[in-house]
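Quick notes on the structure that follows.
Protein chains in written order, with our numbering: chain A, 1 to 348; chain B, 1 to 314.
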């Protein structure tokens with residue numbers, strides 16, 4: 001869609017060139033034109049060619065500078081991912097020798113000085129799957145924690161979106177003073193650091209007798225106001241004329257929500273799903289406090305503790321942990337972009 | 001003239017008759033809409049009520065007690081003691097400084113990136129994916145890599161020393177804020193950029209065309225047209241960045257543990273430590289002060305959005 005626009009823009013550019021030429025010819029006046037018609041036309045054509053050439057060079061330099069800027073940023077942005085994935089194919093010994101100085105003090109207090117400085121290596125000396133073998137086959141705890149993560153995050157994403165689409169429809173459909181205040185408090189609650197709501201959250205969970213069960217994570221997650229904030233913005237963009245038309249056709253609120261708002265906000269819902277998923281996939285604090293039983297902890301908690309001790313395995317675990325996010329991303333990136341780009345009743 | 005008068009009279013007459021009926025019907029419909037759309041909010045509101053708002057009420061109560069067990073009312077004593085606490089003030093200063101640096105930088109840089117990608121550069125969609133990729137990396141892995149990069153013996157120092165510069169102990173000096181600002185930008189630029197790209201794509205093409213025909217140059221088009229259309233997105237991105245600037249604490253905490261170098265000591269560290277010490281009254285008082293400031297900032301942003309965003313909102 002964007003490509004088409006660009007082609008269109010180029011066409012417009014050509015047209016402007018034509019118009020420029022016309023205007024210039026006109027300005028020269030009829031007399032001059034008559035007197036020096038032959039010579040000036042020649043000159044003009046030459047000048048125009050030269051101008052087009054310089055314009056083209058200017059355009060090319062602009063594009064190449066932009067590409068270089070983008071490329072520099074892109075390299076820096078990609079570096080950590082590439083590092084994680086490539087290092088996951090190293091043996092633990094190689095990782096220890098590469099990053100020994102950084103983590104030396106941490107690993108069981110013993111000194112593992114091998115090199116004075118860090119060796120940032122992207123290509124392993126010897127490609128080995130020993131990390132993966134350890135993670136996948138020798139210690140089943142990792143897979144168990146991985147499964148815990150899935151069980152914890154899946155329902156949160158699903159039900160938070162259901163609750164949030166309903167609520168954001170309500171917010172978008174009608175805005176009164178009370179609702180504005182409620183919405184505002186949603187935004188404020190979203191900004192609260194987790195430690196603040198932690199104590200009362202603990203109390204509420206205790207009161208509901210859901211402490212130490214998955215419900216203690218699920219319920220606050222499902223009712224988190226984040227997706228409501230995000231989706232209301234998009235629901236508000238649906239033209240009222242569309243909704244009114246549906247009303248005249250006899251649609252009730254539920255039908256408007258189900259048949260008009262949900263399909264139109266599909267992209268926005270997908271992008272919200274991605275953001276919520278990423279947020280909860282990486283949660284650390286909630287399970288640590290609300291789930292006393294370490295067996296129930298997700299892999300993210302485990303991964304955050306792994307830092308100090310088993311650096312040798314950390315990269316492989318991180319890579320495995322990245323796979324679902326990667327899949328969600330690959331599947332949803334178009335939606336992520338489309339969902340935000342969507343404006344009004346007509347796309348584009 | 002007469003005819004016109006009689007016409008208006010007839011009109012006003014008919015309007016009066018309509019008025020007698022219409023308000024009633026309108027009010028009925030209005031209430032119906034209010035209630036039925038309110039029902040849509042109900043599940044979310046009930047959940048937020050039990051898990052967020054009622055707890056917040058409990059926090060307000062705690063902030064005025066000497067401790068939760070004896071539950072003696074002490075008024076604003078806790079607020080005074082927290083506000084005069086040196087650790088709290090450092091935390092406030094650091095958090096405010098971090099947000100004040102990181103959020104505007106995130107907005108400006110992501111806008112620049114969006115404009116760059118909006119030019120017709122090759123591999124656009126690949127670049128877009130690359131910029132979004134940091135969102136995928138697990139937090140723990142980020143922490144690991146940041147340690148490797150910014151440790152005293154880390155890769156960045158290694159790189160700096162190649163140019164004959166002094167090494168900097170990034171995590172344990174006044175430069176530590178640079179480390180977390182970079183971390184924040186790296187993580188959030190991509191999504192902000194997407195938001196801006198969407199806003200740039202949604203500017204009506206005919207207006208840009210007219211500007212071109214009127215021989216406006218690139219800067220004029222940007223400042224007089226695009227900024228007008230981007231204003232509401234700028235505010236949205238600012239709010240989103242503010243939210244994520246508070247979420248980045250997870251990374252900072254894993255990077256630094258409980259008691260980091262003073263320049264990295266954030267409000268969340270303070271809250272976390274108070275939580276661990278079971279000092280609920282200080283935690284609550286701090287939280288309430290923080291939320292008051294938040295209400296001020298967000299309220300201001302909302303008011304600005306009302307003023308500027310309305311006339312161009314699609």
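Note that beta-carbon positions come from the ideal geometry of N, C-alpha and C, so glycine has one too.
Legend entry - Distance, residue 174(B) Cα to residue 330(A) Cα: Between the alpha carbons of residue 330(A) and residue 174(B) lies a distance of about 39 Å.
Inset, instruction - Name, going along the chain, the residues of the region 175-186 of chain B whose beta-carbon falls closer than 7 Å to a beta-carbon of chain A. - result: So the close ones are 186.
Inset, instruction - With 8 Å as the threshold, decide whether the Cβ of residue 227(B) is near any Cβ in chain A. - result: For residue 227(B), the nearest beta carbon of chain A is not closer than 8 Å to its own beta carbon.
Legend entry - Between the CA atoms of residue 38(B) and residue 186(B) - distance to the nearest angstrom: Residue 186(B) and residue 38(B) have their C-alpha atoms some 40 Å from each other.
Inset, instruction - Count the other C-beta atoms from every protein chain shown that fall within 10 angstroms of the C-beta of residue 280(B), then say buried if there are 16 or more, exposed otherwise. - result: Residue 280(B) should be labelled buried.
Legend entry - Any C-beta of chain A under 8 Å from that of residue 38(B): Interface residue, yes.
Legend entry - Short-range partners of chain B found in the region 252-268 of chain A, where Cβ spacing is below 9 Å: Residues 252, 253, 254 and 257.
Inset, instruction - Give a yes or no on whether 8 Å exceeds the smallest Cβ distance from residue 47(B) to chain A. - result: Residue 47(B) counts as touching chain A.
Inset, instruction - Spatial neighbours of residue 289(A) within its chain, please: CB distance less than 7 Å, with the 5 preceding and 5 following residues excluded, ordered by chain position. - result: So the list reads 198 and 202, once near-sequence residues are dropped.
Inset, instruction - Within 10 angstroms of the Cβ of residue 300(B), are there 16 or more other Cβ atoms? Answer buried if so, exposed if not. - result: Residue 300(B) is classed as exposed because its beta carbon has fewer than 16 other beta carbons within 10 Å across all chains shown.
Legend entry - Best match in 173(A), 68(A), 254(A) and 61(A) for proximity to residue 236(A) [C-alpha to C-alpha]: The shortest Cα separation from residue 236(A) among 173(A), 68(A), 254(A) and 61(A) belongs to 173(A).
Legend entry - Local conformation of residue 73(B) per DSSP, three classes: In this structure, DSSP gives residue 73(B) an extended state, which the three-state scheme calls strand.
Inset, instruction - Count the other CB atoms, across all protein chains shown, that sit within 10 Å of the CB of residue 66(B); report buried if there are 16 or more and exposed otherwise. - result: With fewer than 16 other Cβ atoms within 10 Å, it is exposed.
Legend entry - Reduced DSSP secondary structure (H/G/I, E/B, other) of residue 149(B): Correct three-state label for residue 149(B): helix.
Legend entry - Amino acids of chain A, ordered along the chain, whose beta-carbon sits closer than 7 Å to that of residue 280(B): Ordered by position in chain A, the residues that pass the 7 Å Cβ test against residue 280(B) are 199.
Inset, instruction - Quick one: list the residues of chain A neighbouring residue 298(B), beta-carbon separation under 9 Å, in chain order. - result: Correct list: 184, 187, 188 and 191.
Legend entry - Residues that DSSP places opposite residue 65(B) in a beta bridge: Partner(s): 73(B).
Legend entry - Nearest to residue 126(A) (by Cα), restricted to the options 88(A), 53(A), 157(A) and 314(A): Among 88(A), 53(A), 157(A) and 314(A), the Cα nearest to that of residue 126(A) is on 88(A).
Legend entry - Residue closest to residue 90(A), alpha-carbon to alpha-carbon, out of 80(A), 128(A) and 77(A): The option with the nearest alpha carbon to residue 90(A) is 128(A).
Legend entry - Beta carbon proximity, residue 177(A) to chain B, threshold 8 Å: Chain B, which has no Cβ nearer than 8 Å to the Cβ of residue 177(A), makes this no.
Legend entry - Contact with chain B by residue 352(A), beta-carbon distance below 8 Å: Residue coverage of chain A in this structure runs from 1 to 348, which leaves residue 352(A) outside it and unanswerable.
Inset, instruction - List the residues of chain B whose Cβ lies closer than 7 Å to the Cβ of residue 246(A), in chain order. - result: For residue 246(A), no chain B residue has a Cβ inside 7 Å of its Cβ, as the nearest lies near 13 Å away.
Legend entry - Near-chain B residues of the region 58-70 of chain A - C-beta to any C-beta below 8 Å: For the region 58-70 of chain A, which is checked against every Cβ of chain B, the residues closer than 8 Å are 62, 63, 66, 67, 69 and 70.
Inset, instruction - Taking a Cβ distance cut-off of 8 Å, strictly less, list which residues of the region 157-169 of chain A are near chain B, in chain order. - result: Contact residues of the region 157-169 of chain A toward chain B are 163, 164, 166, 167 and 169 (C-beta to C-beta distance below 8 Å).
Inset, instruction - Give the straight-line distance between the Cα atoms of residue 152(A) and residue 303(B), rounded to the nearest whole angstrom. - result: One C-alpha to the other measures close to 38 Å.
Legend entry - Helix, strand or coil at residue 26(A) according to DSSP, with G and I counted as helix: It is helical.
Legend entry - Inside the region 182-268 of chain A only - alpha helix (DSSP H) runs reaching at least 4 residues: You should have 194-207, 215-222, 226-235 and 240-248.
Inset, instruction - Output, in chain order, the set of chain A residues within a Cβ distance shorter than 7 Å of residue 108(B). - result: Within 7 Å Cβ-Cβ: nothing; residue 108(B) doesn't reach chain A, min ~14 Å.
Inset, instruction - Rounded to whole angstroms, what's the CA-CA distance from residue 107(A) to residue 98(A)? Just pull it up for me. - result: Note that residue 107(A) has pLDDT 44, beneath the 50 cutoff, so the model's placement of it is unreliable and the number below is only indicative. The C-alpha of residue 107(A) lies about 14 Å from the C-alpha of residue 98(A).
Legend entry - CA nearest to the CA of residue 279(A), picked from 140(B), 116(B) and 32(B): Per the Cα distances, 140(B).
Legend entry - Straight-line Cα distance separating residue 251(B) from residue 112(A): Note on residue 112(A): pLDDT 46, under 50, position unreliable in the model; the coordinate value appears next. A direct Cα-to-Cα measurement between residue 112(A) and residue 251(B) gives close to 26 Å.
Legend entry - Residues from the region 83-98 of chain A in contact with chain B, defined by Cβ distance under 8 Å: Per Cβ criterion, the list reads 83 and 84.
Inset, instruction - Please check if any C-beta of chain B sits within less than 8 Å of the C-beta of residue 134(A). - result: No, its Cβ sits nowhere closer than 8 Å to a Cβ of chain B.
Legend entry - Sufficient close CB pairs (3 or more, under 8 Å) joining the region 185-199 of chain B to the region 125-134 of chain B: With the cut-off at 8 Å, the region 185-199 of chain B and the region 125-134 of chain B touch.
Legend entry - Cβ-based burial, residue 147(A) [other Cβ within 10 Å; buried from 16]: By the beta-carbon neighbour count (other beta carbons within 10 angstroms, threshold 16), residue 147(A) is exposed.
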